[in-house]
Structures are given as structure tokens and as C-alpha cells.
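Below is one structure, written out as C-alpha cells; the observations come after it.
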Amino acid sequence: MSTVATPAPPSSIPSSGTTFVNVVRSEWTKLWSVRSTRWTLLATVVVSLGFTTLFAWGQTANWSRVDARERATFDPTATSLAGLYFGQLAIAVLGALVITAEYSTGGIRTTLTAVPQRLKVLFAKGLTFGVVALVTGLVTSFAAFFIGQAFFATKGVQAHLSDPGVLRAVVGGGLYILGCGMLGFAVGSLLRHSAGSITTAVGLLFVLPLLSNLLPGDWGKTIREYFFSNAGGQITTVRQDPNLLTPWNGYLVFTLEWMVILLVGAVLLERRDA
Amino acid sequence: MIEARGLTKRYGDKLAVDDLSFAVQPGVVTGFLGPNGAGKSTTMRLILGLDRPNSGVALINGHPYRSSRTPMREVGALLDAKEVHGGRTAQAHLLALCQANGIPGTRIGEVLDLTGMRDVAKKRIRGFSLGMAQRLGIAAAMLGDPQVLMFDEPVNGLDPEGIIWIRQFMQTMAARGRTVFVSSHLMSEMSVTAQHLIVIGRGRLLADMSTSEFIAKNSEARTRVRSPQGERLAAELGRHGGRVTQVDGFLEVEGMSTDQVGDVAAAHGLTVHELFTQRSSLEEAFMELTRDSVEYHAEFPADSGRPEERALTSARTER
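Sequence order for the protein chains is R and W. The first sequence lines up with residues 59 to 332 when you count with this note's numbering. The second sequence lines up with residues 7 to 325 when you count with this note's numbering.
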């Protein structure tokens with residue numbers, strides 16, 4: 059080579075490097091510096107509380123027509139948290155967007171140039187979003203619980219946080235929202251396309267569980283028991299349906315399900331071209 | 007310093023980068039030249055570890071980029087200026103990048119000033135023109151004051167003022183001992199910006215030499231002469247060692263200067279109406295070079311590349 063190599067001077071800028079803490083701070087900035095984050099979180103809360111109010115109002119308005127058998131199995135906690143089944147969609151959408159927006163804008167290449175250790179980026183992103191989803195979920199769940207109980211108190215059938223299993227169910231509502239958000243995130247990391255990821259996550263959480271009720275026989279029952287939201291949602295119940303998984307087992311199954319998807323997404327992230 | 011050793015990248019059936027080896031040295035601006043689709047962007051993505059090569063390695067400062075723990079101190083890259091989340095402000099975009107590498111946030115103001123972007127720091131990137139996005143990309147690349155700068159077609163979308171700015175910027179950085187690697191499909195742009203050229207076509211290395219050497223080698227000078235006694239003159243020039251061809255009513259003489267041709271004509275009492283040196287333009291030289299590679303690739307499998315075969319195909323396509 060004809061050019062004479064002159065040694066390049068080192069950079070004058072201090073850098074503590076791509077440590078996990080640094081990458082988490084960066085992802086935190088990224089999460090809050092786009093408008094869609096606040097809007098989607100707000101949607102999660104508003105939709106959940108809106109449907110909870112609707113259900114609780116309907117239940118108390120029709121209370122005189124509810125027969126004794128139904129009254130005996132009435133679960134005021136789970137009913138007050140039923141709105142979360144609608145709010146879950148918004149958080150799953152945000153979970154998917156947190157990662158797919160990087161691909162749709164091409165920003166992933168800027169991100170992976172700044173931090174070439176890809177798994178670090180994925181897990182920092184997941185952790186950052188997970189914390190936000192959990193806090194949002196807990197706030198929503200407690201608010202929904204108190205709104206619901208305010209309605210049920212008019213009929214004297216309200217639950218109290220000190221009742222057995224109630225605190226677990228309300229905290230469980232927050233955990234359930236976390237799981238739904240992480241499912242969206244996991245699907246997003248796997249599929250990388252916003253529309254496809256959102257459709258898939260919504261399908262897994264909302265549409266397929268309804269369809270699974272139509273499945274016949276033993277395998278239909280198994281799918282019903284173990285399918286994403288059917289399993290995960292048990293954590294929000296106080297009165298157990300004996301045909302479904304117990305609260306913590308159900309939540310564990312749900313968690314393992316999204317973790318497997320995320321794991322596949324992580325392996326692909328390492329291997330695929332960005 | 008950037009090194010590519012036997013880099014090969016396939017997308018499905020298409021061979022985008024084909025056994026590419028080169029080294030980019032610090033202290034000069036190195037132009038990475040090739041027609042659109044030659045594999046320049048792919049090569050840059052391979053260097054940054056964004057795409058995985060099918061074979062070969064790319065090293066920056068002696069190690070693969072993906073193993074770097076302070077990557078922004080090592081490389082500042084601008085591949086596609088529009089590849090950022092448009093919903094973020096310039097300030098937030100730069101802050102997130104600083105944080106990712108633990109670079110002090112005070113650096114943001116410095117790079118905004120450097121690129122003249124301070125006034126729009128609080129604006130969302132979505133509204134930026136391509137020129138502003140390019141400047142933001144350069145600001146981001148400069149956050150870590152990196153040893154290696156890598157820009158993919160940076161003058162695209164810039165106004166003339168912006169083009170001069172970035173040209174001077176790259177030359178200043180090279181003068182400070184940085185490695186500057188810049189791609190372009192425009193020979194004219196590279197001839198005024200780069201001191202060294204790496205030329206590729208169809209993913210293969212065509213030339214790796216200084217710009218002046220490239221110009222000297224590829225813009226061959228030919229002597230042209232016009233005479234009413236063309237046939238006799240051609241015969242005499244042939245006997246004096248010139249290779250003569252007929253072009254546009256001129257005799258084109260290879261291997262003889264204008265002085266020599268004039269002397270031969272005078273010695274034999276032949277009339278000369280015009281006599282001058284014809285130099286092919288750099289752009290033509292570049293197109294000639296890359297077109298050959300394209301034909302060579304299109305017509306023959308990888309192992310046959312004897313010059314006479316190439317000449318043959320060349321003639322066939324020109325017809």
C-alpha cells in the first residue's frame with residue numbers, strides 16, 4: 059500500500075462503555091422521548107377502567123335479577139378487574155411497538171451501531187419496558203379494584219384487600235398487564251413488523267382464547283387451560299374455576315410462554331442481519 | 007484503520023459482496039467508489055457487524071466491531087440519515103446515544119454546534135429535510151470523537167454549500183489522523199474529496215490505489231491527428247511504432263506523443279490539419295472500469311477472466 063499509515067490519535071471523549079446500566083438509561087430515554095408511549099399507557103389505563111366501570115355498573119344494576127346460585131359464585135375482585143382484559147391489548151401493542159418501531163424506522167441500525175452487543179440491547183429494552191408496564195398495570199389494577207368495589211358496596215357484596223386472596227389478585231392484575239406487555243414485546247422481537255406483531259399478540263391474548271372455547275374434547279380443554287390469557291388471567295381471580303389452572307400455576311405458564319417466544323426472538327436477533 | 011479480509015455476502019442467489027479484501031488507512035480520506043448496487047452499503051454494514059458475512063472478516067482497529075465496548079469512541083458511522091425514529095427530538099436522539107456509551111451529555115451541545123444544528127435541537131426529526139438529517143447523522147457520529155469515520159453517500163440530498171462543508175469536514179478529520187471512509191457513486195465527487203480510492207463493481211474489488219495513481223492509470227492520453235493524407239500518415243506512424251486506429255475522421259495514435267507524430271509528418275512532407283492530446287475524462291474511466299466488471303460477471307462464471315475474452319464481450323455489447 060502506497061499510503062503511509064499515521065497512528066490515529068485516540069478519542070478525546072470519555073466513555074464508560076456499553077455497560078448494561080448505560081444501555082438501560084439509553085432505552086429509558088428512548089421510551090419516553092416518543093409520544094406513542096404516553097398515549098398507549100394512557101389508553102391502557104382508560105380502557106381498563108372504562109370497561110371495569112361498565113361491568114360493575116351493569117352487575118349492580120341487574121343485581122335483583124341475579125339468582126342465588128350466581129350470587130354464591132360471584133367474584134367481586136375478578137369482576138372489578140375484568141376491564142384489564144381490554145386494557146391488555148393497549149399494553150401489548152406498546153410492547154410490540156417498543157421493538158418493531160426500531161425496525162420500521164430503520165433506527166435499529168443506529169441502535170446496534172451504538173451498542174453492537176445485541177442481546178444487551180434486547181434485554182435492556184425488555185427490562186425498561188417491563189418496569190413501565192408493571193407500574194402501569196399495578197396502578198390500573200388497584201384503581202379498577204376500588205372503582206368496582208365502590209359499585210358492589212351499594213349491594214353489600216364488595217371485597218376487601220384484607221380478604222383471603224384479594225390482595226394477590228389485585229397485585230396479580232398488575233402482573234397480568236406486565237405479562238401481556240411482555241408477550242407483545244416478545245412477538246415484536248420475533249416478527250419485527252409492527253402490524254404483524256400487533257395482530258399476532260392481539261390474536262393470542264384476545265381472539266384465540268375465545269375461539270378455544272369452541273374446541274371439543276380433552277385437547278380442547280387442555281388448550282383452554284394453558285392458552286396465554288386463559289392461564290395468565292387466573293392470577294386475577296379469587297374464586298377459582300376448578301376447570302382452569304390455579305392462580306400462580308397459570309401465571310407461571312403464561313410467563314414461560316412469552317419467555318419462550320422472547321428466547322427465540324433473542325436467538326434470531328443474534329443471527330439475523332439487522 | 008478498517009480491514010476487510012475475503013468478505014463475502016450473499017442475499018439469496020445474489021452475490022452482493024464477493025471476496026473483498028482491502029485496508030483503509032488513517033490520515034487520508036478514502037473514497038469507496040462503485041456504481042449503484044455495487045455492494046458499497048452492504049460492505050459498510052458488514053464492517054459494522056450489522057449484517058453477517060457468509061465468509062471473511064471485517065476488523066476495526068484489529069478486532070470485530072461487535073466486540074467493541076466503547077464503539078462510539080472507535081467508529082462514527084452515518085449509513086442512512088433517515089434511519090432514526092422521527093418522533094424523537096434531535097436532542098433526545100443524541101442523549102440516548104450518549105447514554106448508551108456512557109458519554110457525558112455535555113458533548114451534545116458540542117456536536118450540535120459543530121454541525122450547525124443547535125437551533126433545531128428541540129425539534130422532532132420527522133420534520134427535518136434530508137440535508138438536516140445528514141447533519142444530525144454526522145453530529146451523532148461525532149459524539150464519541152471516533153478514530154474511524156464511515157459515511158455512506160453523505161452528499162446525497164445536500165445543497166452545494168452542504169457538500170463543500172462535508173468535504174472540508176472529512177478532509178479536516180483526515181488531517182487530524184482519523185480514518186475517513188466515504189462511499190460515493192460519483193467519480194467527480196471522489197476525485198476532489200478522496201486521496202485514496204477503493205473501487206468496486208458487482209461486489210468485487212476493481213482498484214485500490216491513490217486517487218492520483220488512479221487518474222494517471224485510467225485516464226489514458228491518446229494523440230489524435232487529422233490529415234488529408236490520412237492513409238499514408240497512418241502507414242508511416244505504424245512503421246515508427248504507433249498503434250493507429252481511425253476514430254471520427256481522426257487518426258488516434260497510441261504510444262506516440264504529439265511531438266513525435268508531428269515530427270513523423272514533417273519528415274515525410276505530410277500535411278497536418280489538427281494535432282492534439284485526447285484525455286478521457288475520469289468519469290469515463292470509472293464507467294469503463296466498472297462496466298468491464300459488470301460484463302465480465304454477466305457473461306462468464308467466476309473462474310474465466312482472460313483479457314481476450316473480456317475484450318470480445320466488450321466488443322459484442324458495444325455493437
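Glycine residues also receive a C-beta, built at the ideal position from the N, C-alpha and C atoms. Model, not experiment: these values are computed from the prediction.
* Can you tell me which of W:Met179, W:Gly255, W:Leu100, W:Ile221 puts its alpha carbon nearest to the alpha carbon of Thr112 (chain W)? => W:Leu100
- Task: For Gly55 (chain W), go through chain R and note every residue whose CB falls closer than 8 Å to its CB, in chain order.
- Result: Leu170, Pro174
- Name the two residues that bound the continuous alpha helix (DSSP H) containing Ile281 (chain R). 275-284
Other residues of its chain near Ser162 (chain R): CB distance less than 6 Å, five sequence neighbours each side excluded: Ser252
Inset, instruction - Under the assumption that Val198 (chain W) contacts Arg173 (chain W) (Cβ atoms under 8 Å), give the Cβ distance between them as a whole number of angstroms. - result: 7 Å
Report task. Would you verify that the beta carbon of Ile144 (chain W) is, or is not, closer than 8 Å to some beta carbon of chain R? Result -> no
Open item on the list: I need the straight-line Cα distance from Thr76 (chain W) to Ser84 (chain R), nearest angstrom please.
Closed with: 15 Å
message = Given this structure, state the Cα-to-Cα distance separating Met138 (chain W) from Ala87 (chain W), to the nearest angstrom.
response = 9 Å
Query raised in the report: How would you list, in chain order, the residues of chain C whose beta-carbon sits under 9 Å from the beta-carbon of Ala102 (chain W)?
Result: Note that chain C does not occur in the displayed structure, where the protein chains are R and W.
| message | Considering Cα atoms alone, identify which of R:Val92, R:Gln117, R:Ala159, R:Gly108 is closest to Gly93 (chain W). | response | R:Val92
Whole-angstrom distance between Lys15 (chain W) and Phe113 (chain R), CA atom to CA atom | 58 Å
Three-state secondary structure (DSSP) at Glu159 (chain W)? coil
Report task. Quick one: which residues of the segment 24-58 of chain W get their C-beta closer than 7 Å to a C-beta of chain R? List them in chain order. Result -> Ala29, Gln31, Pro32, Gly33, Val34, Leu54, Gly55, Leu56, Asp57, Arg58
Beta-carbon separation of Asp331 (chain R) and Leu13 (chain W) under 8 Å?
no
Q.
To the nearest angstrom, how far is the alpha carbon of Phe290 (chain R) from that of Val311 (chain R)?
A. For clarity, residue 290 (chain R) is Gly in the given sequence; the question names Phe instead. The straight-line gap from Cα to Cα measures roughly 7 Å.
Classification of Tyr17 (chain W) by the beta-carbon crowding that lies within 10 angstroms, buried from 16 upward: exposed
At the level of alpha carbons, what is the spacing between Ser73 (chain R) and Leu149 (chain W)? 10 Å
Just checking, does the segment 197-208 of chain R make contact with the segment 236-249 of chain R on the three C-beta pairs under 8 Å criterion? no
Around the Cβ of His279 (chain W), are there at least 16 other Cβ atoms within 10 angstroms (buried) or fewer (exposed)?
exposed
(request) Taking only the alpha-carbon atoms, compute the straight-line gap between Asn67 (chain W) and Arg51 (chain W) and give it to the nearest angstrom. (result) 16 Å
Subject >> Assigned exposure category for Trp343 (chain R) - 16 Cβ within 10 Å defines buried >> reply: Any answer about residue 343 (chain R) is impossible in this case: the structure gives chain R only from 59 up to 332.
Is Tyr302 (chain W) helix, strand or coil when you go by DSSP?
No answer about Tyr302 (chain W) holds up, because its pLDDT of 48 lies below 50 and its placement is not dependable.
* Asked: Should Ala148 (chain R) be flagged as near chain W, meaning a C-beta pair shorter than 8 Å?
  -> no
message = Quick check: what's the CA-CA separation for Thr98 (chain R) versus Gly75 (chain R)?
response = 32 Å
Exercise for review: Use the C-beta contact count for Ser220 (chain R): other C-beta atoms within 10 angstroms, 16 or more gives buried, fewer gives exposed.
Suggested key: exposed
### Task
Show which residues of chain R have a CB atom less than 9 Å away from the CB atom of Met138 (chain W).
Ordered by position in chain R, no residue passes the 9 Å Cβ test against Met138 (chain W), which lies about 16 Å from the chain.
Checklist entry - Under 8 Å Cβ-Cβ, which residues of chain W neighbour Ala159 (chain R)? => result His91
Could you compute how far the alpha carbon of Thr283 (chain W) sits from the alpha carbon of Asn42 (chain W)? 32 Å
Opposing strand residues paired with Lys20 (chain W) [DSSP bridges] = W:Tyr17
Inset, instruction - Return the residue from the list R:Gly254, R:Thr168, R:Pro67 that minimises the CA-CA distance to Val90 (chain W). - result: R:Thr168
Item to check | CB of Val267 (chain W) within 8 Å of CB of Leu243 (chain W), strictly | outcome: yes
Exercise for review: Could you confirm whether any beta carbon from chain W is found closer than 8 Å to the beta carbon of Ala75 (chain R)?
Suggested key: Just to set this straight, residue 75 (chain R) is Gly in the shown sequence, not Ala. Yes, Gly75 (chain R) counts as interfacial toward chain W.
Check your understanding: Within 8 Å (strictly less), CB to CB, does Thr163 (chain R) reach chain W?
Key -> yes
Query raised in the report: What's the gap between the Cα of Lys129 (chain W) and the Cα of Thr95 (chain W)?
Result: 5 Å
> Around the C-beta of Tyr302 (chain W), are 16 or more other C-beta atoms found within 10 angstroms, so that it is buried, or is it exposed?
Replying inline: Summary for Tyr302 (chain W): the model assigns pLDDT 48, below 50, so the residue's position carries little reliability; its value from the coordinates is reported in the next sentence. Result: buried.
Practice prompt. For Ser70 (chain R), go through chain W and note every residue whose CB falls closer than 7 Å to its CB, in chain order.
Written response: Asp151
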